[in-house]
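Undergrad:
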Amino acid sequence: MAVAARAREDKASLGIVMILLAWFFFSLIDTSVAWLLVVGIPSLQLAFMRYVGHMAISTALMFRGGISRDMFATKHAFLVIIRSGLLISSTAFNFIALQYISLTVTASIMFSSPIIVCALAGPLLGEKVGPWRWFAIFLGFAGVLVVIRPFGETFHWAALLSLYNAFSLAFYSILTRKLSGVVAAETMQFYMGFLGTIVLLPFAIVTWRSPDTPLDWALLFGVGFFGWAGHELLTRAHGYATSNTLMPYTYSFLIYLTISSYLVFGKVPDVWTVVGAVVIVLSGLIIWKRTKETA
Numbered sequence: 003m004a005v006a007a008r009a010r011e012d013k014a015s016l017g018i019v020m021i022l023l024a025w026f027f028f029s030l031i032d033t034s035v036a037w038l039l040v041v042g043i044p045s046l047q048l049a050f051m052r053y054v055g056h057m058a059i060s061t062a063l064m065f066r067g068g069i070s071r072d073m074f075a076t077k078h079a080f081l082v083i084i085r086s087g088l089l090i091s092s093t094a095f096n097f098i099a100l101q102y103i104s105l106t107v108t109a110s111i112m113f114s115s116p117i118i119v120c121a122l123a124g125p126l127l128g129e130k131v132g133p134w135r136w137f138a139i140f141l142g143f144a145g146v147l148v149v150i151r152p153f154g155e156t157f158h159w160a161a162l163l164s165l166y167n168a169f170s171l172a173f174y175s176i177l178t179r180k181l182s183g184v185v186a187a188e189t190m191q192f193y194m195g196f197l198g199t200i201v202l203l204p205f206a207i208v209t210w211r212s213p214d215t216p217l218d219w220a221l222l223f224g225v226g227f228f229g230w231a232g233h234e235l236l237t238r239a240h241g242y243a244t245s246n247t248l249m250p251y252t253y254s255f256l257i258y259l260t261i262s263s264y265l266v267f268g269k270v271p272d273v274w275t276v277v278g279a280v281v282i283v284l285s286g287l288i289i290w291k292r293t294k295e296t297a
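In the working numbering, each number is its position in the sequence shown, counted from 1, plus 2.
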């Protein structure tokens, strides 16, 4: 029994390491994009590179054992396409928002998506949401208002794009729950990369600007690898540990971006952004705790 318990603990620890690495790679995407935006690379070109790189890697891995029609076949193609469209649009809008507002602000607003998922769990998933979780939902939205400050002088319209991003990721998460175990993860990954490449290709052609330095070229191609690596680690992490175990560690993304924002751009989040982010994280942890207790 002790050996089995130790084995479970080791697997959970490996899952935690993987989730921390996954969100580190995701933070590299936003940091790289913010850097490339500063040097003049268009946001939609960057979104295209995010998906064409992802598609190239996932397709190569998918085809290494031979090509089969079953790899692309699914009875839920419409939902798979909608799921992909939600993530593609949120990526594009996030990259546009990063032209105007800081990494920490966009990340803080994005992390309201688990709160939105909880609010929608009742009508869309048939899950019961108790009073504690409703309290956390309202607390989380209060935190978002603190970060955005819609009626203050510091408000920027790009924050609304980040808010759309949070809602898109929430619906993306709900669809992922519905499709998990029904559609192969490799199939969903391929559709996401393929559709992102096709949809964003015309915008990339029209707006294309070649980088000026080897570092900028490396980052331009790196965003696709970072995206693929992050999703690969995220998927594998859930094979070693439960969602309830991993969820608190997703907030490492905020820490990574705060550090990179300071080291790369010399920016420190203002007091209200920190306060709002803390409130959003607190509400997410309340939801996590109540979900864990009622599971």
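Even glycine gets a Cβ: it sits at the ideal position worked out from N, Cα and C.
On the criterion of 16 or more Cβ atoms from any shown chain inside 10 Å, does residue 118 qualify as buried, or is it exposed?
TA: On the sequence shown, position 116 is the one that residue 118 refers to. With 16 or more Cβ atoms within 10 Å of its Cβ, residue 118 is classed as buried.
Undergrad: Pull up the distance between the alpha-carbon of residue 103 and that of residue 158, whole angstroms please.
TA: Counting from one through the sequence shown, the residue named residue 103 turns up at place 101. Counting from one through the sequence shown, the residue named residue 158 turns up at place 156. In a straight line, the C-alpha of residue 103 is about 8 Å away from that of residue 158.
Undergrad: I'd like the list of long-range same chain contacts for residue 100, defined as Cβ closer than 8 Å, with 5 residues on each side in sequence excluded.
TA: Taking the sequence shown and counting its residues from 1, the one referred to as residue 100 is at position 98. Counting only Cβ-Cβ distances below 8 Å, and skipping sequence neighbours, we find 32, 35, 36, 39, 45, 108.
Undergrad: Give the straight-line distance between the Cα atoms of residue 28 and residue 130, rounded to the nearest whole angstrom.
TA: Position 26 of the sequence shown holds residue 28. Position 128 of the sequence shown holds residue 130. Their backbone Cα atoms lie some 31 Å apart in a straight line.
Undergrad: Rounded to whole angstroms, what's the CA-CA distance from residue 213 to residue 219? Just pull it up for me.
TA: Looking up residue 213 in the sequence shown gives position 211. Looking up residue 219 in the sequence shown gives position 217. Computed Cα separation, rounded: 6 Å.
Undergrad: Give me the Cα-Cα distance between residue 84 and residue 171, rounded to the nearest whole angstrom.
TA: If you number the sequence shown from 1, residue 84 lands on position 82. If you number the sequence shown from 1, residue 171 lands on position 169. Rounded to whole angstroms, residue 84 to residue 171 spans 12 Å at the Cα level.
Undergrad: Out of 75, 21, 23, 142, state which residue places its alpha-carbon closest to the alpha-carbon of residue 184.
TA: Stepping through the sequence shown from its first residue, residue 184 is reached at position 182. The option with the nearest alpha carbon to residue 184 is 75.
Undergrad: In its own chain, which residues sit with a C-beta less than 7 Å from the C-beta of residue 22, not counting the 5 before and 5 after it?
TA: Numbered from its first residue, the sequence shown carries residue 22 at position 20. The answer, listed in chain order, is 251, 254.
Undergrad: For residue 212, name the three-state secondary structure that DSSP assigns.
TA: The residue labelled residue 212 in the question sits at position 210 within the sequence shown. Looking at residue 212 - three-state DSSP - the assignment turns out to be coil, as it is neither helix nor strand.
Undergrad: If you draw a straight line from the alpha carbon of residue 179 to that of residue 56, how long is it in whole angstroms?
TA: Residue mapping note: residue 179 aligns to position 177 of the sequence shown, counting from 1. Residue mapping note: residue 56 aligns to position 54 of the sequence shown, counting from 1. Taking the straight line joining both Cα atoms gives about 22 Å.
Undergrad: Where residue 80 and residue 269 are concerned, what is the direct C-alpha to C-alpha distance, given to the nearest angstrom?
TA: Translated into positions along the sequence shown, residue 80 becomes position 78. Translated into positions along the sequence shown, residue 269 becomes position 267. The alpha-carbon atoms of residue 80 and residue 269 are separated by roughly 42 Å.
Undergrad: Considering Cα atoms alone, identify which of 92, 249, 192, 263 is closest to residue 82.
TA: Residue mapping note: residue 82 aligns to position 80 of the sequence shown, counting from 1. That would be 192, whose Cα lies nearest to the Cα of residue 82.
Undergrad: Give a yes or no on contact between the stretch 139-152 and the stretch 273-283, applying the rule of three or more CB pairs nearer than 8 Å.
TA: Contact holds: three or more Cβ-Cβ distances are below 8 Å.
Undergrad: Between 241, 277, 30, 15, which lies nearest to residue 261 when the distance is taken from Cα to Cα?
TA: As a position in the sequence shown, residue 261 is number 259, starting the count at 1. Ranking the options by Cα distance to residue 261, first place goes to 30.
Undergrad: Let's see if you can read the secondary structure: which residues bound the alpha helix (DSSP H) around residue 170?
TA: Within the sequence shown, the letter at position 168 stands for residue 170. Per DSSP, residue 170 belongs to the alpha helix (DSSP H) from 160-181.
Undergrad: Taking residue 202 and residue 49 to be in contact with their CB atoms under 8 Å, please state how far apart those CB atoms are, rounded to whole angstroms.
TA: Walking along the sequence shown from the start, residue 202 turns up at place 200. Walking along the sequence shown from the start, residue 49 turns up at place 47. Confirmed, about 5 Å.
Undergrad: Taking all protein chains shown into account, decide if residue 153 is buried (16 or more other Cβ within 10 angstroms of its Cβ) or exposed.
TA: Translated into positions along the sequence shown, residue 153 becomes position 151. The residue in question, residue 153, is exposed, as its Cβ has fewer than 16 Cβ neighbours within 10 Å.
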